[in-house]
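Chemist: For the sequence shown, our numbering gives the first residue as 1252, with consecutive numbering after it.
We put the CB at the ideal spot given by N, CA and C, even for glycine.
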Amino acid sequence: MKEFLYTKGKRKYIFCADSKGAELLYNFVQQAMEDKVPFDFMIIGDKSDAFLEHWYSQQKMGTFLYLSGQWEFIKRLKKLALEAGFSEYEMQINIVGQISKKLVCCECYGVNEFIDDDLHLTCKHCGIVLEVSSHYSRRLEAYLGYTSIS
Ligand SMILES: [Zn+2]
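Dropping the structure here:
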């Protein structure tokens, strides 16, 4: 992952955080104030998807988005931002805490959750030992797990 840094020279900044991720953005907010660049800073509590999507879609070209928070929060806001027309190059992401990913079992197609650095795990549905592959299915939003051969 790219380092989470303030990128100078954008037309506008949007800083979005959950309660865990806000602290990291305070420096960026201060920087934007010093640079006299317009920005929005929002700690997302219980804002609806519809509200966020509308807010994102109203932003002008050249707006740069910072997301900071826990994995579930990041996943949700990133998805909404992409749907509203932001590209991956117009945002930076900081994940607080553990990243939980999904792994689809090659035997029973059951979905398992795993933490970033687990290489093997036992399928909780059928009990087989799976190896986490680098194959990621965008459709399933999950990695594919294969039976390990030892
Ligand atoms: Zn399984």
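Tell me the start and end of each unbroken beta strand (DSSP E) in the segment 1289-1376 that is at least 3 residues and wholly inside, in chain order.
Modeler: For the segment 1289-1376, whole beta strand (DSSP E) runs of length 3 or above, ordered along the chain, are 1290-1294, 1314-1321, 1342-1347, 1351-1356, 1362-1366 and 1371-1373.
Chemist: So valine 1362 and lysine 1352 are supposed to be a Cβ contact under 8 Å. How far apart are they, rounded?
Modeler: With a Cβ gap of about 10 Å, valine 1362 and lysine 1352 do not count as contacting.
Chemist: What residues come near ligand 1, if near means a beta carbon less than 6 Å from any of its heavy atoms?
Modeler: Result: Cys1356, Glu1358, Cys1359, Gly1361, Cys1374, His1376, Cys1377 and Ile1379.
Chemist: For the putative contact between tyrosine 1257 and phenylalanine 1279, defined by C-beta atoms under 8 Å, what is the C-beta separation to the nearest angstrom?
Modeler: Indeed, because the Cβ distance is near 5 Å, the residues count as touching under 8 Å.
Chemist: Taking 7 Å as the limit between beta carbons, can you name the residues of its chain near methionine 1252, skipping five residues before and five after?
Modeler: With a pLDDT of 46 at methionine 1252, under the threshold of 50, the predicted position of this residue should be treated as unreliable, and no value is reported.
Chemist: Are the beta-carbon atoms of serine 1319 and leucine 1372 separated by less than 9 Å?
Modeler: Result no, Cβ atoms of serine 1319 and leucine 1372 do not sit closer than 9 Å.
Chemist: Residues in the same chain with beta-carbon distance under 6 Å from methionine 1284, minus the five sequence neighbours each way, listed in chain order, please.
Modeler: No residues qualify anywhere along the chain.
Chemist: Which residues does DSSP pair with alanine 1268 in a beta bridge?
Modeler: Partner(s): Ile1294 and Ser1319.
Chemist: Could you please give me the residues that DSSP links to serine 1388 through a beta bridge?
Modeler: Serine 1388 is bridged to Ala1393.
Chemist: Is the separation between the beta-carbon of tryptophan 1322 and that of glycine 1348 shorter than 9 Å?
Modeler: Contact: yes.
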